[in-house]
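In my numbering, the protein residues as written are 4 to 166. We put the CB at the ideal spot given by N, CA and C, even for glycine.
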């Protein structure tokens, strides 16, 4: 990997490769994060790293998912989602999506794709699902996070989708 990192996210992009995003050069909550993004692609029998468009801001302890030609990335102790539209032959542009209807003391914790929806959990036990008001829009105002479930007296829920 061109950039040495830990506490990053690896996102499988079908028929493209593996996108490695965020992280830090050392592990600690106060360490400086990375915004870099690299793509591992298979060329014949060999694997090759390519630099990809950097995210809007750094993300330590990153979590990421791929859904409907888009990669979504969160990090612990943050209130926003970075979204990248994956286009064949192009590197695209990251868009920052704030999680507006989440109380400001609810840090994002995990992400998953379930039943064709992007879901995220907060450290305090709330589960949100993403709704696109305009499915083709890259406008962050076209995204709404709907509180779906509140898990009482449970902290740091990790959501995972099984098929």
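Check	Outcome
Close beta carbons around residue 86, own chain, < 6 Å, minus the five adjacent residues each side	73, 75, 98 and 100
For residue 133, the nearest candidate out of 127, 118 and 48 (CA to CA)	118
Whole runs of the beta strand (DSSP E) within the region 67–139, excluding any shorter than 3 residues	73–78, 83–88, 97–101, 111–117, 120–125 and 129–135
Straight-line gap, residue 18 to residue 151 (C-alpha atoms, nearest Å)	32 Å
Within 7 Å, strictly: CB atoms of residue 57 and residue 40	yes
Three-way DSSP call (helix, strand, coil) for residue 12 in this model	strand
Residue 8 vs residue 37 beta-carbon contact at 7 Å	yes
DSSP bridge partner residues for residue 54 (one or two, in chain order)	41
Residue 55 beta carbon less than 7 Å from that of residue 16	no
7 Å Cβ cutoff met for residue 148 and residue 116	no
Contact set for residue 47: own chain, Cβ-Cβ below 6 Å, skip 5 residues either direction	none
Close beta carbons around residue 95, own chain, < 7 Å, minus the five adjacent residues each side	56, 87, 88 and 89
Short Cβ contact (7 Å threshold) for residue 83 with residue 63	no
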